[in-house]
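Quick mapping for you: the protein sequence lines, in order, are chains P and F.
Residues are numbered in the numbering used here as their position in the first sequence, beginning at 1, plus a constant of 11.
Residues are numbered in the numbering used here as their position in the second sequence, beginning at 1, plus a constant of 11.
Working notes, beginning with the structure itself.
2 protein chains.
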Amino acid sequence: MIKLLILFLTLAFVAMPGAAQETKQYNLMPAPASLRFQSGRLAVNTSFIIAVKGHSDARLLAAIDRMARRLEVRTGLAFARGLASDAAAATLVIQCQSAGKAIPAVDEDESYSLEVSNSQAVMNAPTVVGALRGLETFLQLLGAGADGYSIPAVSIQDRPRFPWRGLLIDIGRHWQPMEVIKRNLDGMAAVKLNVLHLHITEDQGFRIESKKYPKLHQLGSDGNYYTQAEMREIIEYARMRGIRVVPEFDMPGHTTSWFVGHPELASKPGPYQIERKWGIFDPVMDPTNEQLYKLLDGFLGEMAALFPDAYLHIGGDEVKGSNWKENLKIQAFVQQKGLKDNHGLQAYFNQRLSKIIIKHGKKMIGWDEILHPDLPKDIVVQSWRGPQSLAEAAKKGYTGILSNGYYIDLIEPAWRHYLNDPIPENTTLTPEEQKLILGGEATMWSEWVSPETIDSRIWPRTAAIAERFWSPREVKDVDDMYRRLAIVSAQLEDVGLLHKKNPAAMIRRLAGSLSGDEYVVETIKNLVDVIEPVKGYKRGAMQNATQITPLTRLADVARPDSAAARELAKAMTGRLYVKSGDEVDRVTAMLTSWGYVGHSLPNLIKQSPIMDEALPLAKDLEEICEIGLQAIKYLNYGNVPPDEWRASKIARLEAAAIPKAAVELAIIQPIKELVIAAIEQEKRKTMSAEEWKKHVKSLAAEKKKQ
Amino acid sequence: MIKLLILFLTLAFVAMPGAAQETKQYNLMPAPASLRFQSGRLAVNTSFIIAVKGHSDARLLAAIDRMARRLEVRTGLAFARGLASDAAAATLVIQCQSAGKAIPAVDEDESYSLEVSNSQAVMNAPTVVGALRGLETFLQLLGAGADGYSIPAVSIQDRPRFPWRGLLIDIGRHWQPMEVIKRNLDGMAAVKLNVLHLHITEDQGFRIESKKYPKLHQLGSDGNYYTQAEMREIIEYARMRGIRVVPEFDMPGHTTSWFVGHPELASKPGPYQIERKWGIFDPVMDPTNEQLYKLLDGFLGEMAALFPDAYLHIGGDEVKGSNWKENLKIQAFVQQKGLKDNHGLQAYFNQRLSKIIIKHGKKMIGWDEILHPDLPKDIVVQSWRGPQSLAEAAKKGYTGILSNGYYIDLIEPAWRHYLNDPIPENTTLTPEEQKLILGGEATMWSEWVSPETIDSRIWPRTAAIAERFWSPREVKDVDDMYRRLAIVSAQLEDVGLLHKKNPAAMIRRLAGSLSGDEYVVETIKNLVDVIEPVKGYKRGAMQNATQITPLTRLADVARPDSAAARELAKAMTGRLYVKSGDEVDRVTAMLTSWGYVGHSLPNLIKQSPIMDEALPLAKDLEEICEIGLQAIKYLNYGNVPPDEWRASKIARLEAAAIPKAAVELAIIQPIKELVIAAIEQEKRKTMSAEEWKKHVKSLAAEKKKQ
């Protein structure tokens, strides 16, 4: 307690309190296609009430009720229940022209307009889904002034840039129960995403009930699967929020779990067990087996009836040919049919599959690998390989969506995903070809996420991706994105997401029997603030984990995109490299504090063996902060450090840059810049602040690449 | 970020970091009946495995699995799945003699013993429920040392002091969905509570499906009720954790919601609407109406079949006689049957009810008011009026449970409930009569709790109550209780309780559009740390609220039992009142910091009209902290403050003691002690530190009572 309080005294003169400002800035995310502020604002008080003109239905009314309840929760005001009978007297009038598609579809009109004056807000939407999108905008517009809550007077015309804006959740590798899916659907709706792509089957789990082939889920899931009734509940929950549910059944690879109950479908004799490890595995369907097509016809027919969406995803990625090569019967088949190679065999399989899918009234979607001239043009290619392969597909006339660059499991910062455009400015596609790019999907692959951690991996970064898919290409100011992302992130808690709550609780847990001691908990939290989980696919090499490994360690508590590191980098303006100034004080304060975190941690985690792996990290943190402070001193005194210092400190930073406990210290790069600045300080006299900063940054980056 | 970090520097010399200690202290709650430490400890590592000897069943195996998973989550270790085939090689051997009662019952044997040596832990239990209790103890024993996790070598013989240890949750006034009930059942199991008392029907809601009389739930619940299938799911979830579910249907008062569908049952003609306000209302069943008994026979028959517990609770509290008095037919009936008065009429009703309940194979339980010589001796009286009325019942030969003193909705501190004993030391009951006191129940009445806030009202205080019901009477060290409570409170997060997560998120929400600004959020958090919601029934008089009022304001975010206030009081040892010393520094630091919170808050909440009500509170906080600091100065300089100061500061403290925003500043009393100490300082020369402290405390308390 006391430890937390002191800070205000110390910092009153250092940090700017977040003062209220009245600007024409908005907090919307995704940004609307067009927005114009008017003068004035619409009061939101206890007489807030909504009227519906034109089309109305259960979906619209439920969305209105949810929005009103969220508005109540935020303002603490109780509104009268029910709709206004007199539209003229309503605070918000919703004029909806039609229900829109009975089943959410890729060609749904999601546009809406919103006109807010001093006296009333009026929303127009051609469909209910458009109105749903507008309701989220309305809620995000909520502002406040001395006279209470209000919505600024504004004129908004809005529609999405791309019609396919998705989030893939992999429920195969790590099971995610109903409440995880539901709260994430609410999060998706809040940022106007419209496709939940469920990756339902994997080597590690078969997650849907098949009434026709019950051995599939009974033996392939450890009991962790959705019954068809439960899946219908998810689909309806999504539909109520204007979200499609696209099911993926990954074939012919990634299918170990199918073979536990049906070894006869595999290319190699069984028995098979559910895979517990992570990776790309050998088991693969046998495309020469007619039984396989019979089962797929039955199973996919069942799934086509269960999932109302027009598309059915057949995966098709990462097929290892080893079991095909080892099987003489299969090799004979390849020869006989003139299929050339395994790729040809997979194309044969996809063609057979395509016919089954068409027969059941669906369109096919699959990963890059399915692309083959023999497939119909209305398939969708989902690109995990890159924008080039997506563009190639478009040039061949195929529709496609981009997932490369949106792999949120890889722990990249939000800005990187944000600047990744499905149709970059320098695209070589013709306008007609560009229309074939339907949008994109963020992918939450689940090797390293549990129901406890998944929200903090998806959010808030996915909100930035949602803006990329919805908003004009020109909306790409990274600083402003982060400003709005912080606000939206907090608001996402109101729909039930646990991306902030769970890491806080996990930090308390890491304190072990000292979890009641706020000082210990705060110290761990401060460590967690300056680390990030290792990126890319590094963690698997560092920690030996399987499906049953508890994901409750430091790397699971750490989150991508350290705000603390961003704050440090931000404080290091050009002025930092000249003597004194507020920024120097701030940077000094940060490094001093973090250094002390590193210094004091070891003594505080003695009751927590789970934190033993943090000890080398704590040492690194203490020492790199000390290096940074030394660099600041050299800069302040105008002394160039001796060669010995230079060599040893750079080496120390590089040693600290080696990940430990499957996490990285996120503040190494800015500290390296301080060191370089100290070393190169003679040159700064010859440069402008901007040039100097650029010079330092480039040298620091160079070192990093070595 | 930066703001949080500075604190470590400042405080390193002030606060003691929570250092690891190896003592023979234990962190168990409730404390076992008997515990003896041995030397050594049992390692908990990746080879942890459990063996079951003797009786085994699905309930035991599920509990073992849950315990092992919680152990994994805490330690980050993955254990092999399944049980050890060789008991000799197991880490923990569970020897269970029998399944125990098929349906959890009040006379279940819940005892167990646990012997932990360096090489193995052995648990013996006569029933599975006993083993369940022991598993919770085992998990709470988890400790750690330099060589990793371990369980201390220990010999425990444990059994509950009382067989009825309950938590009442009122789902009538504010609906609580399934997940609330489930996570609270897990919390109950963690602290060995064994009765979930569901208060199912109220003026404000009829929360269970009746297939025979569907208008009851269809018209009486706003759609917020449990289907019978859902209720069976709850009962089974509870049974799996050795917890009984006792249903309450409050009659003949508190029944407005029944009359919406069945106005003919009421003592006054309808129509009726679901009550939205809080209070004691007139509507009451008509005990002279034979139709009523027909419906109750049908409905309670249905409920008797649904709820397997031996007891059925008929409420019976707070019957207002007004509608009976106004009804001539009813008054004629009273005369004709010689019932004397309304109390006699209620007794008549209860006798009729008793027969119906007996007919359906159940025993009756009700609140104090049902006590009447004509009722059978095996009814249970639940006392909300007090220990005297409970003792009276026992003297008349009735069994009873105590709820008076455990009303957790009244926001009293844990120690008050903790020291409230169902059979106090000075009891006048004979040992035979004492046996009739079965235990007690904490009561979570729900006027002021939503699904978002209910956990922070129930937990952690209910863990202290659970200890009162389970542990020997002699276990009553309040300081040690609070020490262990902090640990258990953190552990309760692991079973899904949101008592820490939700208030943190609600604080972020109160920051409005500045919720992304950690400085603003921390300032509000620091305010929340030193306040408590108003106690008793005061809030209703201060805030005009109904069932639809959003419970998201400051009073909802505030929690009972401010730890900050406790810490301040603790820092004010006898030594404080003499010059200097660590404590003076700590108290000075606390008051300075809190004063600054009060000072800076107004500027930070300009974007949050919901926080406007906190403005006078912030002013109070700033000024009372300043008063406290002035008092410390007078004490330090040895100057007695002038009369003017004395009068104005005491008056200011008393003005600050008037609740605002339905919350109280929890630190006024210690500050008043500082002021008294400054005023009375001449006398301290004549007294020992202890005497002096007592003197000051008593004067400060006197003032308070005025």
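Ideal placement from N, C-alpha and C gives every residue a C-beta, glycine not left out.
As the structure is a prediction and not an experimental result, all values here were calculated from the model.
{"query": "For Met-622(P), the nearest candidate out of Asp-76(P), Ile-518(P), Leu-710(P) (CA to CA)", "result": "Ile-518(P)"}
{"query": "Backbone CA spacing between His-324(P) and Leu-143(P) [nearest angstrom]", "result": "27 Å"}
{"query": "Assigned exposure category for Glu-247(F) - 16 Cβ within 10 Å defines buried", "result": "exposed"}
{"query": "Straight-line Cα distance separating Phe-217(P) from Gly-281(P)", "result": "17 Å"}
{"query": "Nonlocal neighbours in the same chain, by C-beta distance under 8 Å from Lys-694(F), ignoring five residues either side", "result": "Trp-703, His-706"}
{"query": "Pairwise C-alpha distance: Asp-308(F) and Gln-9(F)", "result": "Absent from the structure is residue 9(F), since the part of chain F shown begins at 12 and ends at 717."}
{"query": "Chain F contact residues for Arg-85(P), given Cβ-Cβ distances below 8 Å", "result": "Arg-520, Gly-523, Thr-563, Ile-621"}
{"query": "Complete runs of the alpha helix (DSSP H) confined to the segment 344-373 of chain P [at least 4 residues]", "result": "353-370"}
{"query": "Leu-303(P) (DSSP reduced to helix, strand or coil)", "result": "helix"}
{"query": "Spatial distance of Pro-514(P) from Ala-113(P) (CA atoms)", "result": "39 Å"}
{"query": "Simplified DSSP state of Trp-395(P), which is helix, strand or coil", "result": "coil"}
{"query": "Three-state class that DSSP yields for Pro-137(P) in the structure shown", "result": "strand"}
{"query": "Three-state class that DSSP yields for His-324(F) in the structure shown", "result": "strand"}
{"query": "Proximal chain F residues relative to Thr-57(P), where beta-carbon distance stays under 7 Å", "result": "Neighbours of Thr-57(P) on chain F: none; closest Cβ ~10 Å, over 7 Å."}
{"query": "Backbone CA spacing between Leu-196(F) and Leu-207(F) [nearest angstrom]", "result": "8 Å"}
{"query": "Backbone secondary structure at Asp-169(F) - three-state DSSP", "result": "strand"}
{"query": "Residue environment, Pro-387(F), which counts as buried when at least 16 other CB atoms sit within 10 Å", "result": "exposed"}
{"query": "C-alpha distance - Gly-527(P) paired with Ser-500(F), whole-angstrom precision", "result": "8 Å"}
{"query": "First through last residue of the alpha helix (DSSP H) which encompasses Trp-8(F)", "result": "Outside the displayed span of chain F (12 to 717) sits residue 8(F), for which this structure offers no information."}
{"query": "Three-state secondary structure assigned by DSSP to Val-25(P)", "result": "Because the pLDDT of Val-25(P) is 36, which lies under 50, any placement of that residue in the model is unreliable, and the number read from its coordinates should be weighed accordingly. Three-state DSSP puts Val-25(P) in coil, outside helix and strand."}
{"query": "Residue from Ala-516(P), Leu-503(P), Asp-297(P) with nearest C-alpha to Arg-520(F)", "result": "Leu-503(P)"}
{"query": "Exposure of Gly-372(F), with buried meaning 16 or more beta-carbon neighbours within 10 Å", "result": "exposed"}
{"query": "Where Pro-653(P) falls, given that 16 or more other Cβ within 10 Å makes a residue buried", "result": "exposed"}
{"query": "Min CB distance Asn-437(P) to chain F below 8 Å", "result": "no"}
{"query": "His-208(F) - partner residues in DSSP beta bridges", "result": "Leu-179(F), Val-257(F)"}
{"query": "Neighbour-count burial assignment, Gly-639(F), 16 or more Cβ in a 10 Å radius", "result": "buried"}
{"query": "8 Å Cβ cutoff, Glu-244(P) in contact with chain F", "result": "no"}
{"query": "C-beta neighbour in chain P for Tyr-248(F), strict 8 Å", "result": "no"}
{"query": "Ordered list of alpha helix (DSSP H) runs contained in the segment 579-646 of chain F, each at least 4 residues", "result": "593-615"}
{"query": "Below-8 Å beta-carbon distance, Ser-526(F) vs any chain B residue", "result": "Looking for chain B here will not work: the only protein chains present are P and F."}
{"query": "Local Cβ density within 10 Å of Thr-697(P), reported as buried at 16 or more and exposed below that", "result": "exposed"}
{"query": "Assigned secondary structure, Trp-186(F) (DSSP; H/G/I helix, E/B strand, else coil)", "result": "coil"}
{"query": "Simplified DSSP state of Ala-164(F), which is helix, strand or coil", "result": "strand"}
{"query": "Residues that Thr-238(F) bridges to, as DSSP identifies them", "result": "Bridge partners of Thr-238(F): none, in fact."}
{"query": "Beta-carbon proximity check, Gly-65(F) vs Gln-106(F), cutoff 8 Å", "result": "yes"}
{"query": "Contacting positions in the segment 86-100 of chain P - beta carbon closer than 8 Å to chain F", "result": "Thr-86, Gly-87, Leu-88, Ala-89, Arg-92"}
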